[in-house]
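**Student:** When the sequence shown is numbered by this note's numbering, its final residue is 846 and no position is left out of the sequence of numbers.
Just so it is clear, CB atoms sit at the ideal spot from N, CA and C, and this is done for glycine as well.
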Amino acid sequence: MKIFKLLLTIAIAGWVTTALKPQPVVAAEEISFYLSVLGEFKLNVKDLAIFAETGEITPEFAYYANRLDDRTRQQLRQILQTSFDVEPITVYRVTNMAMGEDFLRRLGNIIYTHPQRNGLYAIRSALILASTEPEGLTAINFLRHFPTEEMQLNTDKIFAIVKEAQNFFQYKDTTIKAIAEQARQEANSQLKSNFDNLPNLQQPGKYRVSKQTSTFPVNDLRQTATGFAGNYDLNVDIYTPEQLTSPAPLAIIAHGLGSSRSDFDYLAEHLASHGYIVAVPEHAGSNNNYQQAFLRGEVDVDVSPVEFYSRPRDITHLLNRLEEHPKYREQINWSQVGVLGHSFGGTTALIASGAPVNLDRVREVCDSDYEVSRRHRFTLNVSLFLQCRASDLPPGVYDLQDERIKAVAALNPVTSSVLGIESMQQIEIPTLIVGGTLDFAAPFIEEQVHPFLWLTTPNKYLATMVNGSHFSSVSETNMAGVNEFLKGFRPDLGRDYLKALTLGFFNTHVSDDFQSQSYLTAAYAEQISNPELPLHLIQSLTPEQLTTAYGDTPPTSPIPEPVIAAKPERTRDIIAEIERTSRLKVGIRTNAAPFGYLDSNNDLTGYCVDLATALGDRLSQEFNKPIEVVRQPSSLNNRFELVAQNTVHLECGANSIVSDRQDVVFSDPFFSSGTRFLVNNHNSDRIDLDGQLEGIRLGVLKGTTTKQYLEQTYPNAEIVAFEGSDSRSKGIQAVNTGEIDAMVSDRVLLTGEINRQGLNKNNYQTIPEQPLTCDYYGLILPTGDPQWRNTVNTFIRDRSAKQVFDEWLGKYYPQAIADLDYCQNQREQ
């Protein structure tokens, strides 16, 4: 949680510089600002310091202070007094990580040393130096340590931000009123229940609870505190009601970014005391241990983009392991599974429940084009810095739903961009969203209220804690070190609310106890609500209600514009076609070892051959009849046409996933590699990749993206294009004979061909150590059949497919992991 809290700290420190109206330009000793017509104004930093320390308003400061009302002056002084005790090395690490640098670059468009120079580095320097002061990181210290004599502000942008913030806060206030009014109407229309005669869901249940920590080995790709790994241990706390007499429902709790599985231990105990088996996994790539490893410099990335894939996969792996476990297989009622998550864990829970990662929307919002995108606009929505990490995921369709999940509860989730309206609309199971109106990490309107509007599931609920924060429901023991400003009001009430809300929700929609429906009403929320932290629970809300309450067009549209006008896809039922014809048709490359190639007997073999066989076996079991696997040789020239023209149902090979093909789609990535130069030991010193490679002869396959890359990157090199079914073999032979200086291709294909020919790999080198390009391989699939794509994606993650992977690609996997680590984490630093 420390990184997220520190990002909020830095954000608050940045917002301080825009606290005065009109907005100033800050220098090391004085603040100066320029307004057209009125001219230049100045204020000494020491006058601000006197005001912060004593409350005294000096004559110089009076000109500005008198233009603020009493409440605003008090708030300004409180902000100036706020101190954050944080180590300089931590500030350095956080401001150099991708999310921190993203925020500073946005802020640097407003605060800078020169209009043509982003202020990122100056702001970073001031933050780091301010954190070395004995009193800690404060706004005054930040101002004093700004590294130039004059700090300029873009007053136009600041005024726009202030206006935007004012409008947004007004919109938030009117939205809260609209929710309260909707809750009142729902309460008046609902059947009255005497809650005094009903069980108090905030109290412990009848079961004693035992807790056990289990470790399940998982064979899957994951970021960990020691780097990328192809397998890892999934640590899980399991809370079990004692003396169960029948299988119990299962609840899974996913923790947030930089947190741990103890964040909601009180809630796990509570649910277990009411008869639930509760499993709380540790997400190894974004937990507190990982965060500490990052801050110590042991890993290079704050949050890997792959975490948006790995976290929901953790939930699926957990369900698989519990279902295989002799004890839990019998103890759990597998038709009654619910999942709950907080913050990033809430997003995790929603993804696992049917909302796929929305790459189109997150890339539109977070496009890295500096000049034209919104990525580098200053924003008050801190959660975008996390959500934008997903924009660097490899291309693919990240539908990670686990259909065993029957209901989902998301507490303070981040959703607006990484999921968006398109994905939220795909959730079909009962959904509870909980938000706090003072949540600075995942703003209430954008991340919870609007996403609630997007839900189309008939059973949906929005719980609102007025004055609740991002941490209002976190375990008390895990709140140590959280600034009081960030804690919010009465978190003890927030925890009690959550006990009742989640238990009532899971009882109704997981355990099928529909008598518990009365707890999921506005009337019940009103009954347990405390004026210090008012609680509202509603089941319906419309964009029109929000617009009417605001009295104008809202500053953020409740229903966003579509990302791209989707082209209607052809409708095709490949699964039905395979069942009807009893044939699975697969295109397989014949010259791409180890994926597909001809062996010494001229027989087609390789990973893709065995994968096709395993898929045929799976379909045979599903259809309860034999399915013939028809293998169609494919090549670089015809691989897309074979699929687009319905000659085959899929094509398997070293196919880099691209986004510019309209005639086919791709499966999720199943392998990663990258371009390198294959040279022999005698001429490796001739290749200077930092130079122009003038006169160097480079072999490459004709018609590939690698050839385009070489022509653009090394225009002075001599490109020798090889074609035909034995093109890569010819290229390696040309390296041996000296006809060319290097053969350029993906490393796995170069190594695979050397192994196929039985050559001595010690006679060759692949350079450089890090890949020149990053390629993610996927199966080529027809358009117009998302069910077939989902079937294939599910299969390639299945155990039988992994066995094929281990047999053929296992020895190449360590290098693939290293390449993926570089491509996803290190290259962007």
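Name, in chain order, the residues that DSSP records as bridge partners for E668.
**Tutor:** G604 and I797, per the DSSP bridge assignment.
**Student:** From the DSSP secondary-structure annotation, give me the bridge partner or partners of E645.
**Tutor:** In DSSP, E645 forms a bridge with R600.
**Student:** Taking the beta carbon of E203 as the centre, do at least 16 other beta carbons fall within 10 Å, making it buried, or is it exposed?
**Tutor:** Label assigned to E203: buried.
**Student:** Along the chain, which unbroken stretches of the alpha helix (DSSP H) at least 4 residues long are found entirely within the stretch 216-298?
**Tutor:** Taking only runs of at least 4 residues, the alpha helix (DSSP H) segments lying wholly in the stretch 216-298 are 282-290.
**Student:** Which value, in whole angstroms, describes the spacing of the CA atoms of D102 and L144?
**Tutor:** C-alpha separation (whole angstroms): 12 Å.
**Student:** When the Cβ atoms of the stretch 226-236 are set against those of the stretch 252-263, are three or more pairs found closer than 8 Å?
**Tutor:** With the cut-off at 8 Å, the stretch 226-236 and the stretch 252-263 touch.
**Student:** With H, G and I counted as helix, E and B as strand and the rest as coil, what does DSSP make of R421?
**Tutor:** If DSSP states are grouped into helix, strand and coil, R421 belongs with coil.
**Student:** Are at least three pairs of beta-carbons, each pair with one atom in the stretch 427-439 and one in the stretch 451-466, less than 8 Å apart?
**Tutor:** Verdict: yes, contact present.
**Student:** Alpha carbon to alpha carbon, what distance is there between T721 and L417?
**Tutor:** Roughly 31 Å between the two C-alpha positions.
**Student:** Of the residues P643, F163, R94 and G292, which one's Cα is nearest the Cα of G222?
**Tutor:** Selected option, being the one with the closest Cα: G292.
**Student:** Assign K180 to buried or exposed, taking buried as 16 or more other Cβ atoms, counted over all protein chains shown, within 10 Å of its Cβ.
**Tutor:** When all chains shown are included, K180 counts as exposed.
**Student:** When burial is assigned at 16 or more other CB atoms within 10 Å of the CB, is P585 buried or exposed?
**Tutor:** A caution first: P585 carries a pLDDT of 45, below 50, which makes its placement in the model too unreliable to give a value.
**Student:** Short of 7 Å in beta carbon distance, which residues of its chain neighbour D616, apart from the five on each side in sequence? Order them along the chain.
**Tutor:** Cβ neighbours of D616 beyond the five flanking positions: T622.
**Student:** Classify Y839 as buried or exposed, calling it buried when 16 or more other Cβ atoms lie within 10 Å of its own Cβ.
**Tutor:** Per the 10 Å Cβ criterion, buried.
**Student:** If you drop the 5 nearest sequence neighbours on each side, which residues of the same chain put their C-beta closer than 7 Å to that of R330?
**Tutor:** Closer than 7 Å at Cβ, skipping near neighbours: D237 and L417.
**Student:** Decide if L718 is buried, meaning its Cβ has at least 16 other Cβ atoms within 10 Å, or exposed.
**Tutor:** Looking at its Cβ environment, which holds 16 or more other Cβ atoms inside 10 Å, L718 is buried.
**Student:** A268: buried (16+ other C-beta within 10 angstroms of its C-beta) or exposed?
**Tutor:** Classification of A268: buried, given that the 10 Å Cβ count is 16 or more.
**Student:** Relative to the C-alpha of N248, which residue among L550, G827, Q841 and L121 is closest?
**Tutor:** Among L550, G827, Q841 and L121, the Cα nearest to that of N248 is on G827.
**Student:** Report back the beta-carbon spacing between S434 and L401 to the nearest angstrom; my notes put them in contact at under 8 Å.
**Tutor:** The pair is a contact, with the Cβ atoms about 6 Å apart (cut-off 8 Å).
**Student:** Over the uninterrupted beta strand (DSSP E) stretch that includes Q841, give me the two end residues.
**Tutor:** From DSSP, Q841 is part of no beta strand (DSSP E); its letter is neither H nor E.
**Student:** Whole-angstrom Cβ separation of A242 and E324, contact assumed at under 8 Å?
**Tutor:** 13 Å between Cβ atoms; not a contact.
**Student:** What number of angstroms, rounded off, separates the C-alpha of I880 from the C-alpha of P460?
**Tutor:** Since the first residue shown for the chain is 18 and the last is 846, residue 880 is missing from the structure and cannot be characterised.
**Student:** Report the CB separation of A610 from E770 in whole angstroms; it is logged as a contact under 8 Å.
**Tutor:** 5 Å between Cβ atoms; contact.
**Student:** Mark H131 as exposed unless 16 or more other C-beta atoms lie within 10 angstroms of its C-beta, in which case mark it buried.
**Tutor:** The residue in question, H131, is exposed, as its Cβ has fewer than 16 Cβ neighbours within 10 Å.
**Student:** Assess contact between the stretch 89-101 and the stretch 155-167, defined as three or more Cβ pairs (one per stretch) separated by less than 8 Å. Is contact present?
**Tutor:** Flag = yes, the stretch 89-101 and the stretch 155-167 touch.
**Student:** T573 bridges to which residues according to DSSP?
**Tutor:** Looking at the DSSP assignment, T573 forms no beta bridge with any residue, so it has no partner.
**Student:** Express the C-alpha separation of S489 and K819 in angstroms, rounding to a whole number.
**Tutor:** Going from the Cα of K819 to the Cα of S489 covers about 42 Å.
**Student:** Name the DSSP beta bridge partners of G358, please?
**Tutor:** Answer is A271 and A427, bridged to G358.
**Student:** What whole-angstrom Cβ distance do K477 and T519 have, given they're in contact under 8 Å?
**Tutor:** K477 to T519, Cβ: 15 Å. No contact.
**Student:** Mind checking S533: buried by the 16 CB within 10 Å criterion, or exposed?
**Tutor:** Flag for S533 reads buried.
**Student:** G795 and F687 - do their beta-carbons sit closer together than 8 Å?
**Tutor:** Cβ atoms of F687 and G795: closer than 8 Å.
**Student:** Quick check on this structure: which residue in P572, F311 and P216 has the alpha carbon closest to the alpha carbon of Y109?
**Tutor:** With distances taken between Cα atoms, Y109 lies closest to F311.
**Student:** Which of the three DSSP states is assigned to G748 in this structure?
**Tutor:** Helix at G748.
**Student:** Unbroken alpha helix (DSSP H) runs of length 4 or more, entirely within the stretch 499-556: which are they?
**Tutor:** DSSP runs (the alpha helix (DSSP H)) wholly in the stretch 499-556: 501-504, 508-526 and 539-545.
**Student:** For E420, does the count of other Cβ atoms within 10 angstroms reach 16, so buried, or fall short, so exposed?
**Tutor:** Exposed, by the Cβ-count rule.
**Student:** Between the C-alpha atoms of Y224 and S290, what's the straight-line distance to the nearest angstrom?
**Tutor:** Roughly 5 Å separates the two Cα atoms.
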